[in-house]
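Residue numbers (the UniProt record's numbering): 1 to 78. Ideal placement from N, C-alpha and C gives every residue a C-beta, glycine not left out. Please read all numbers here as calculations on a predicted model, not as lab measurements.
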Amino acid sequence: MGPRFSRTIVGLLDENKVDYWTFDILEDAEVRQGLKEYSEWPTYPQLYLDGELLGGLDVIKEELKNPSFVEKLPKRQD
Numbered sequence: 001m002g003p004r005f006s007r008t009i010v011g012l013l014d015e016n017k018v019d020y021w022t023f024d025i026l027e028d029a030e031v032r033q034g035l036k037e038y039s040e041w042p043t044y045p046q047l048y049l050d051g052e053l054l055g056g057l058d059v060i061k062e063e064l065k066n067p068s069f070v071e072k073l074p075k076r077q078d
């Protein structure tokens, strides 16, 4: 796994059994810049649900403390 912040958010999603996929924005400068403009969010990682930005690592850490937020995330089929 890549940088520390990405590892952290992936760990949080795994702990909550969230079904997700990742894209390595370091591999594509055009996508990296495009997402910053699209989301108006300057840093990565960024978590999206149905095309809507939920937030970066700090926001997601806080939101995961909220049961109603966790409930709306798609769950893995283990």
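A direct Cα-to-Cα measurement between Q33 and T43 gives close to 10 Å. With a cutoff of 7 Å on beta-carbon distance, L49 and F5 are scored as not near each other. The shortest CA-to-CA distance from R76 to any of D14, E30, E15 and D19 is the one to D19.
In the DSSP assignment, K36 is bridged to no other residue. In the three-state DSSP reduction, G56 falls in the coil class, being neither helix nor strand. Taking every protein chain shown into account, the CB of L26 has fewer than 16 other CB atoms within 10 angstroms, so this residue is exposed.
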